[in-house]
Structure formats: structure tokens, C-alpha cells
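S.K.: Here you go, one structure.
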Amino acid sequence: MTISSFLTDSFVFGWDFALTLLNLVTPNLKAGHVVPEGFHGADGKWPEYVPPGEGDSRSACPMLNALANHGILPHDGKNISFKMMSETVRTTYNFAPSFCFFVPNYIARILKKDYSTDTFDLADINLHNGIEHDASLLREDTFFQPDQGQIHAPFINELLASASGKDKRAGVLLTSEDLSRYSAKRRTEAKARNPEFSLSLFHKMFGSSNSSTLLTICGGRVSDLRPFLLEERIPEGWEPSVRSRLGLTLAKFNFHCAYRWRWGLGKYMKEYAKEGGSQAMIDDSSSPANYGATAGGSTIDLS
Numbered sequence: 002m003t004i005s006s007f008l009t010d011s012f013v014f015g016w017d018f019a020l021t022l023l024n025l026v027t028p029n030l031k032a033g034h035v036v037p038e039g040f041h042g043a044d045g046k047w048p049e050y051v052p053p054g055e056g057d058s059r060s061a062c063p064m065l066n067a068l069a070n071h072g073i074l075p076h077d078g079k080n081i082s083f084k085m086m087s088e089t090v091r092t093t094y095n096f097a098p099s100f101c102f103f104v105p106n107y108i109a110r111i112l113k114k115d116y117s118t119d120t121f122d123l124a125d126i127n128l129h130n131g132i133e134h135d136a137s138l139l140r141e142d143t144f145f146q147p148d149q150g151q152i153h154a155p156f157i158n159e160l161l162a163s164a165s166g167k168d169k170r171a172g173v174l175l176t177s178e179d180l181s182r183y184s185a186k187r188r189t190e191a192k193a194r195n196p197e198f199s200l201s202l203f204h205k206m207f208g209s210s211n212s213s214t215l216l217t218i219c220g221g222r223v224s225d226l227r228p229f230l231l232e233e234r235i236p237e238g239w240e241p242s243v244r245s246r247l248g249l250t251l252a253k254f255n256f257h258c259a260y261r262w263r264w265g266l267g268k269y270m271k272e273y274a275k276e277g278g279s280q281a282m283i284d285d286s287s288s289p290a291n292y293g294a295t296a297g298g299s300t301i302d303l304s
């Protein structure tokens with residue numbers, strides 16, 4: 002990491018912490034008014050959904066692909082500025098501005114591009130072991146499917162079928178326990194099947210944080226997750242579950258959501274190992290003594 006990157010990240014984490022505190026003392030946004038007026042999705046009205054066509058660029062991230070499928074990002078998924086990505090993700094999904102600066106800035110770094118001046122295609126994000134990684138909940142490993150923009154319905158259907166939560170208004174819900182269990186299953190099976198399997202501590206952390214969006218932004222509602230994940234389509238009338246006035250911060254994202262899954266994942270990893278999974282997948286990172294996060298709470302190992 003360069004001195005410039007270190008200073009930038011330090012500023013972002015400080016900014017993020019301040020936003021987290023401000024969210025505690027400011028009223029939440031009212032239901033039905035989470036997406037700002039004047040932006041796509043205000044009042045639950047989303048632009049027309051058009052599936053990707055031949056030559057269109059898509060990533061391993063369903064939420065980014067959905068933005069392109071609705072024309073909120075360029076439909077072809079190409080020549081997207083990092084600043085455009087930041088603004089669009091913030092207004093559509095109610096992530097905090099600190100979050101929406103940090104993640105695209107990090108993507109720019111791994112792609113060796115300039116955040117302020119360069120552009121990228123959605124498929125660029127599929128760089129293996131950049132952000133994309135093995136044992137994803139939603140995609141086959143790159144060894145089996147080089148095009149990570151391709152939806153893998155069997156994994157998604159299995160994940161949604163595992164949902165055990167219930168709510169009178171929202172219906173069936175995916176829970177943190179469900180995600181922990183399925184994450185452990187995917188890691189164990191991917192290591193056993195994939196001869197080129199790799200999953201560094203960083204990618205365990207990053208994958209775990211990504212998985213938490215299913216609960217934080219979508220509220221775990223299976224009725225919403227099904228079109229999001231299987232069609233990469235935003236349901237009509239949908240709005241983010243996060244109603245914090247300044248959006249979902251890095252700190253809350255990790256410490257409020259990710260932390261509480263950690264212990265469940267370790268438990269299920271051990272169960273799968275006893276059933277014949279890979280004992281090697283149970284390492285020191287699953288013990289409470291090795292709980293870790295970067296300064297500012299950027300990532301924690303869950304899924």
C-alpha cells in the first residue's frame with residue numbers, strides 16, 4: 002500500500018466513523034422515501050428491466066448488474082466511471098458516501114486505474130482473486146465457469162431454499178444463521194471439487210462482507226432476493242431496507258451485521274468437516290481469538 006492510499010483510507014475510515022455517529026442522532030428516513038426524489042427508484046418506480054444482450058458486460062455482483070439491466074448504469078456495462086458507480090450505488094441502495102467512495106476506489110486500485118479519470122467495464126471486476134473469489138455463494142468457481150457474469154441458478158435456488166426466517170409482512174426471510182450454514186457448505190465443497198481452489202483470508206473477509214448485503218440492503222426477503230439474484234432485476238416497488246439518513250456505513254455494515262455471523266460460520270465449518278469435508282478449511286481464522294478487522298471496520302470473515 003502506498004502512502005497516498007494509506008492516507009486516503011485513513012481519511013475515509015474517519016469520515017465513515019463520523020457518519021456512523023451522526024446516524025445515531027438523526028431520524029431515519031421514512032418508509033417509501035429511502036431513494037432520494039429525482040433519482041431512479043424514487044417512490045418505488047424503477048426504469049424498465051432489459052436483460053443483457055450479446056456483447057454486454059456483466060460482473061459477478063448481481064446488484065451492479067441490476068443497475069445496468071435497468072439502465073441506471075449504461076446497459077452495455079461498459080465505460081463506467083468510478084465516480085458514476087459511487088453516486089449510483091449510493092442513491093439506489095442507500096450506502097453511505099464513505100462506503101461508496103471506498104469500494105470503487107479499491108476496485109480502481111486492483112485494476113490499476115485512476116479513480117478520478119478512468120473508466121471500467123463491469124466484467125473487469127471479475128478479475129480472479131481481485132474481488133471475485135472461489136467459494137462464492139452465488140457463482141461457480143472460475144475454474145468451472147470463467148465468465149463470472151453468468152448467473153448460476155442451482156446455487157441461488159439452494160441458498161434461497163435454505164431460508165428459515167418468517168415475517169408476517171415480509172414472508173420468508175434468509176437469516177444470518179442460514180448464510181453461515183450455506184457459506185460453510187460452499188467453502189467445504191468448493192475446496193473438495195476445485196483442483197485450483199484458493200481462498201485467502203482477505204477473500205474470506207471480502208466475501209463475507211458482500212454476503213451481508215443480502216440481509217442489510219434487501220432485508221433477507223426471499224421474495225425480493227429471487228428476482229435480484231436469478232434475474233438481476235430490481236422488483237417493482239422495492240426500496241432498500243437500510244433507512245439510516247446518511248446510509249449504511251462501513252462500520253455498521255461490518256460490526257453490526259458481519260460480526261454476529263462469525264461464530265456460526267466456524268460452527269458449521271466444523272460440522273461439515275466431521276461429515277467428510279476438508280479439515281484444512283478449519284483454520285485459526287475461525288477462532289474468536291483471531292477475530293479481525295481493518296482500521297475502521299472494513300471486513301470480517303463470515304462467508
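Numbering (the numbering used here), first residue to last: 2 to 304. Ideal Cβ placement from N, Cα and C applies to all residues, glycine included.
Throw me the rounded Cβ distance for the A171 and G220 pair, which I believe falls under 8 Å.
M.R.: In the sequence shown, residue 171 corresponds to position 170, counting from 1. In the sequence shown, residue 220 corresponds to position 219, counting from 1. 7 Å between Cβ atoms; contact.
S.K.: Less than 9 Å between the beta carbons of N95 and S212, yes or no?
M.R.: To locate residue 95, count along the sequence shown from 1; it is residue 94. To locate residue 212, count along the sequence shown from 1; it is residue 211. Against a cut-off of 9 Å, the Cβ pair of S212 and N95 comes out as no contact.
S.K.: Going residue by residue through the segment 45 to 85, where are the continuous alpha helix (DSSP H) segments of at least 4 residues, counting only ones entirely within it?
M.R.: Segments of the alpha helix (DSSP H) lying fully in the segment 45 to 85: 63 to 70.
S.K.: Pull up the distance between the alpha-carbon of S58 and that of E133, whole angstroms please.
M.R.: Position 57 of the sequence shown, counted from the start, is the residue given in the question as residue 58. Position 132 of the sequence shown, counted from the start, is the residue given in the question as residue 133. If I take the Cα positions, the gap works out to 15 Å.
S.K.: Starting from the N-terminal side, write out each stretch of the alpha helix (DSSP H) that is 4 residues or longer and does not extend beyond the segment 133 to 172.
M.R.: Whole alpha helix (DSSP H) segments, 4+ residues: 154 to 162.
S.K.: Who are the near neighbours of D225 in its chain, counting only those whose CB is closer than 7 Å to its CB and skipping five residues on each side?
M.R.: Numbered from its first residue, the sequence shown carries residue 225 at position 224. Within the same chain, D225 has close Cβ partners C219, P236, W239.
S.K.: With which residues is H129 paired in a DSSP beta bridge?
M.R.: As a working note, residue 129 is residue 128 in the sequence shown. The partner list for H129 (beta bridge, DSSP) reads E133.
S.K.: What does a CB cutoff of less than 6 Å around P52 pick up in its chain, not counting 5 residues either side in sequence?
M.R.: The residue labelled residue 52 in the question sits at position 51 within the sequence shown. Closer than 6 Å at Cβ, skipping near neighbours: no residue.
S.K.: For R222, which three-state DSSP category applies?
M.R.: Locating residue 222 in the sequence shown gives position 221, where the first residue counts as 1. If DSSP states are grouped into helix, strand and coil, R222 belongs with the strands.
S.K.: Let me confirm a value: E159 is counted as buried when at least 16 other C-beta atoms fall within 10 Å, else exposed. Which label applies?
M.R.: For the purposes of this step, residue 159 is taken as residue 158 along the sequence shown, with counting starting at 1. Exposed, because fewer than 16 other Cβ atoms sit within 10 Å of the Cβ of E159.
S.K.: What are the partner residues of F121, as DSSP defines its beta bridges?
M.R.: In the sequence shown, the residue the question calls residue 121 occupies position 120. Answer is I81.
S.K.: Could you say which of N130, L231, M64 lies nearest to F203 if we only look at CA atoms?
M.R.: As a first step, residue 203 is located in the sequence shown; it is residue number 202 there, counting from the start. When only C-alpha atoms are compared, the closest one is N130.
S.K.: Once the 5 residues before and after F103 are set aside, which same chain residues still bring their CB inside 7 Å of it?
M.R.: By one-based count along the sequence shown, residue 103 stands at place 102. Within the same chain, F103 has close Cβ partners V13, L251.
S.K.: Roughly how many whole angstroms lie between the Cα atoms of G33 and P98?
M.R.: The count along the sequence shown starts at 1 and reaches residue 33 at position 32. The count along the sequence shown starts at 1 and reaches residue 98 at position 97. Spanning the two alpha carbons is a distance of roughly 21 Å.
S.K.: Compare the C-alpha of L249 against each of S11, V35, K268, R182 and name the closest.
M.R.: If you number the sequence shown from 1, residue 249 lands on position 248. When each option's Cα is compared against that of L249, the closest is V35.
S.K.: Which residues in the same chain have their Cβ closer than 7 Å to the Cβ of D125, if we skip the five residues on either side of it in sequence?
M.R.: Against the sequence shown, residue 125 aligns to sequence position 124. Hits under 7 Å: L112.
S.K.: Who are the Cβ neighbours of N80 in its own chain at under 6 Å, not counting the five residues just before and after it?
M.R.: By 1-based counting over the sequence shown, the position of residue 80 is 79. Cβ neighbours of N80 beyond the five flanking positions: T120.
S.K.: Let me know the secondary structure DSSP gives L23 once reduced to three states.
M.R.: For the purposes of this step, residue 23 is taken as residue 22 along the sequence shown, with counting starting at 1. Three-state DSSP puts L23 in a helix.
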